[in-house]
Every structure is written in C-alpha cells, then in structure tokens.
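**Q** If you scroll down you'll find the structure; I have some questions about it.
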DNA sequence: GTCTATAGGAAGATAGAC
DNA sequence: GTCTATCTTCCTATAGAC
C-alpha cells in the first residue's frame, strides 16, 4: 500500500468508523469492521491509534464539530418573526429527515460517552455547544425580525433544545411524520407567543 | 442449588441483568456478568433462555411495563389547574432525580432495540405507550381542575412527551439542576397558556 | 433441572518481518 | 510506515455427567 502520513490514515479510519457506526451501530464498530471498511489491514489500526478508545475519542470530536449549526437560511432581512421561526424550524427538521442515521449516531455516541469515564466530559461539552448554538440562533432571529424575546433567552434556548432533541428521538423510533410535524407546529406557536409586545 | 421453577429463574436473571445494565451499561451486560450478579452458574443461562436476545427481549418488556406512569399525586379535587400542572411536573422530575440510572437505561435500551430487527417494534410500542400515558394524564388534570385544553390533547401530549424526554436526556448528561428546573418551569407556563378560557 | 467443562469464534492488542 | 501472523482474553452457546 502506498505510504501515507499518519494523519491521513487516521482521517481515513475515523471516516470509515463513522460509516460503520451509521450503518450497523456503535456496538458493531469493531476494529476489524473499521479497517475492513477502510480497506486497510488490521495491523493499520494500532499504528494510527494507541487504542480503540482513542479512535472513539476522535470519532466523537469529529461528530460534534460537524454537528448541526441550524442554518438561518436565505430569509430576507426584516421578515416577520413567525415566518422566520417556522422557516428555521423546518430547515432543522429537513436536516433530520435527510440524514436520520447520522443523528441517531449522535445519540448513540452520547450514551456511549456517558459510560466511559474518559469520554463523559466530551458529551457535556457537546450539549453546552448545542445550547450555545440555540442561544445564538434565537438572538439572530430576534435581530433579523426586529423583535425581543419575552423570556430569558437561555431558558428559551434550553427549552427548545430539549424539545427538539426529544422530538428527534421520538421520530427516530416511530417515524411518524404527521405527529412530529404537529408537535413542531405547536412549538412554533409557543415561540410566537414568546415575542415581547 | 435448590430446585426452582424455570419462571422463577427467568425472573431472577432478568432482574440481575437490569442491575448490571444500570450499573455498567447494556454493552457490559454479558451472560457471564448476568449470571454472576444473580449468583448462578454460567450454564443456568441457557436453560432459562434460548439465547441472549431472548433475555434482552424480556428485559425490555419488563422495563417498559414498570416504566413511569406519572402519578397525579395527592392533590385535592378542584385544585387550580396551574397548581395541578406544577405538582405533577415536579413529581415526574423527582422520579427522574431519584433514579437517574434507571431512566438512562431506558434510553440505552431504546437505542439498542432500534438496532435489532426483532426488537425495533418493542421500542415503537414503548413510545406509543408513553404517549398514551401523557394523553391520559392531561385528561385527568383537565377533569380534576375543571378546565379544557385549548389545543388538541394528542398534540399537547406529544409536545410534552418530547420536551420531557429531551429534558431528561440533557440532564442525564450535564446534571445541571438549575437549568433543568428553569426549562421545566417554562414548560409549566406553556401549559398554563394552553388552558382554554 | 442443575451444574462443570469446553467448544468455537470474535474481540482488542502486539511481535516482528519487510 | 506497512502488513501478516499470532497472543490473550472474553464472548455466546452446547455437551454431557449428575
């Protein structure tokens, strides 16, 4: 096999690991399955990573970094707040529906991380990051629409983060689009009600 | 070892399995760990269960059946709706805080079930059950407080289920009591707003 | 039904030739 | 750095004595 930098190999293995995890679940992502997916010999694993735990660390960090920053989307400045709220919620929801397996993986990895002493903190940082993304997002909506939120923005962000997390988890299990959309609309209406008048 | 009915042994193993899963996670609940926890010899496993998968099926069903039906608690007939709403939400939250590991296990098992073709349906039934519990609960609150809900009760139930699920998951990761309570209060206020006038 | 012993394989990790 | 061969451990499951 052609010589490559160790970093390139690591990349290759991390990506292969993520593919395996998405397809078969975290539990099935053995070193053998991963190197097989990457088309590398088994021995390659341990001169790229000291241990499987080290690879998992890399995988988790990669997933977090690449994780959904809800895009505001191409909405014109000065749009009405309710429209802005709905357009961003639907954008988020489309992301979930487009790549459900990826999001399922984030939940699996968070659970997994909680069980590994060295990884629990990564999960905590992930959720702090998610919260911050939501805070920023609510702020951006308020600025673009020229409104203020009636409730403390951090509380609002946590409320929304939790609802969307639960919605996603529930949908990953029952795949009931209609019910999910109804709940999403209820949340949109809740946000409408949180616009300070 | 004294002779016991096969059913009693099965019970014993299911309970041991749950203890191991709560303590060490689903992945670590090997047949050896389970029989060890139950104080039984390894061979006991396979004349109680055809396979490990069969045990997992029993474990999941047990967990679902025993899972939280939010108790309405000792609230007097005719109590004000907002009080009733808060008292039941706090009761739920106390349940979570009392036994976090048990609830973490339900999430782990749901994820696990999604990856096993034969078990995915159990997870679906579980969530249907949760939804029904929430519907019944909202109905009971309305009856006791003598109010009507302004929104379709199924939508309201799903919204609440999803929020509480996300809240729990988030708290299991960051254990931030203050933030969780703020979000819970925000949800209580949302429900106040859903009382038809 | 109960238990010991063991089969048979897959896991993570390493040794050592190239 | 790269790869094959192998070590050790742990897994699920079974065979067969009692």
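Residue numbers (this note's numbering), protein chains in the order written: chain V, 28 to 224; chain W, 28 to 224.
Even for Gly, the Cβ is constructed at its ideal location relative to N, Cα and C.
All values derive from a computational prediction rather than experimental measurement.
1. Considering only their Cβ atoms, is the gap separating residue 217 of chain V from residue 19 of chain V smaller than 8 Å?
2. Check this for me: beta carbons of residue 105 of chain V and residue 173 of chain V, under 8 Å apart or not?
3. Would residue 218 of chain V pass as an interface residue toward chain W - the criterion being a Cβ-Cβ separation below 8 Å?
4. If you measure from the beta carbon of residue 46 of chain W to each beta carbon in chain V, is any gap under 8 Å?
5. What are the boundary residues of the alpha helix (DSSP H) that residue 45 of chain V is part of?
6. Please decide whether residue 135 of chain V counts as near chain W, where near means a Cβ-Cβ distance under 8 Å.
7. Return yes when the Cβ of residue 86 of chain V is within less than 8 Å of the Cβ of residue 47 of chain V, no when it is not.
8. Closest to residue 160 of chain V by C-alpha separation, out of V:139, V:135, V:191, V:207, would be which residue?
9. Sort V:111, V:59, V:133 by Cα distance to residue 168 of chain V and report the nearest one.
10. For chain V, is any of its Cβ atoms less than 8 Å away from the one on residue 197 of chain W?
11. Between the stretch 122-130 of chain V and the stretch 51-67 of chain V, do three or more beta carbon pairs fall short of 8 Å?
12. Quick one: using the 10 Å Cβ neighbour count with 16 as the cut-off for buried, is residue 119 of chain W buried or exposed?
13. Can you tell me which of W:162, W:33, W:88 puts its alpha carbon nearest to the alpha carbon of residue 71 of chain W?
14. List, in order along the chain, the chain V residues whose C-beta lies closer than 9 Å to that of residue 209 of chain W?
15. Based on the DSSP secondary-structure assignment, which residues constitute the bridge partners of residue 176 of chain W?
16. Is residue 140 of chain W closer than 8 Å to residue 132 of chain W when the C-beta atoms are compared?
17. Shortest alpha-carbon distance to residue 69 of chain V belongs to which of V:84, V:144, V:92, V:36?
18. Do the CB positions of residue 186 of chain V and residue 214 of chain W come within less than 8 Å of each other?
19. Could you check the C-alpha separation between residue 61 of chain V and residue 79 of chain V for me, to the nearest Å?
20. Classify residue 72 of chain V as helix, strand or coil using the three-state DSSP reduction.
21. At what residues does the alpha helix (DSSP H) containing residue 58 of chain W begin and finish?
22. In chain order, which continuous runs of the beta strand (DSSP E) of length 3 or greater are located wholly inside the stretch 149-223 of chain V?
23. So the alpha helix (DSSP H) residue 265 of chain V belongs to, where does it begin and stop?
24. Residue 205 of chain W to residue 184 of chain V, Cα distance in whole Å?
25. Residues of chain W with CB closer than 8 Å to the CB of residue 119 of chain V, please, in chain order.
26. Using the beta-carbon of each residue, which ones in chain V are nearer than 7 Å to residue 200 of chain W?
**A** The answer reads as follows:
1. Not covered by the structure: residue 19 of chain V. The range shown for chain V is 28 to 224.
2. Remark: C-beta atoms of residue 105 of chain V and residue 173 of chain V approach each other more closely than 8 Å.
3. With 8 Å as the cut-off, residue 218 of chain V does not count as an interface residue toward chain W.
4. For residue 46 of chain W, the answer is no, since every Cβ of chain V falls outside 8 Å of its Cβ.
5. First-last of the alpha helix (DSSP H) with residue 45 of chain V: 33-51.
6. Yes - at least one Cβ of chain W is within 8 Å of the one on residue 135 of chain V.
7. It is not a contact, given that the beta carbons lie outside the stated cut-off.
8. Of the candidates V:139, V:135, V:191, V:207, the one whose C-alpha sits nearest the C-alpha of residue 160 of chain V is V:191.
9. Ranking the options by Cα distance to residue 168 of chain V, first place goes to V:111.
10. Yes - at least one Cβ of chain V is within 8 Å of the one on residue 197 of chain W.
11. Touching, no.
12. Buried, since its Cβ has 16 or more Cβ neighbours within 10 Å.
13. Measuring from the Cα of residue 71 of chain W, the nearest candidate turns out to be W:33.
14. What residue 209 of chain W touches in chain V: 179, 181, 182, 185, 186.
15. In the DSSP secondary-structure assignment, residue 176 of chain W is bridged to W:222.
16. No, Cβ-Cβ distance for residue 132 of chain W and residue 140 of chain W is not below 8 Å.
17. Considering only alpha carbons, the answer is V:36.
18. Taking 8 Å as the Cβ cut-off, residue 186 of chain V and residue 214 of chain W qualify as a contacting pair.
19. Put simply, the backbone Cα of residue 61 of chain V is about 10 Å away from that of residue 79 of chain V.
20. Residue 72 of chain V sits in a helix when the DSSP states are folded into three classes.
21. That run of the alpha helix (DSSP H) goes 58-65.
22. As far as the stretch 149-223 of chain V is concerned, it has no whole beta strand (DSSP E) run of at least 3 residues.
23. Here chain V comprises residues numbered 28 to 224, so residue 265 of chain V is not present and cannot be evaluated.
24. Cα to Cα, the separation comes out at about 14 Å.
25. Within chain W, no residue comes near residue 119 of chain V; the closest Cβ sits about 14 Å away, beyond 8 Å.
26. Those within 7 Å of residue 200 of chain W in chain V are 137, 141, 150, 151, 154.
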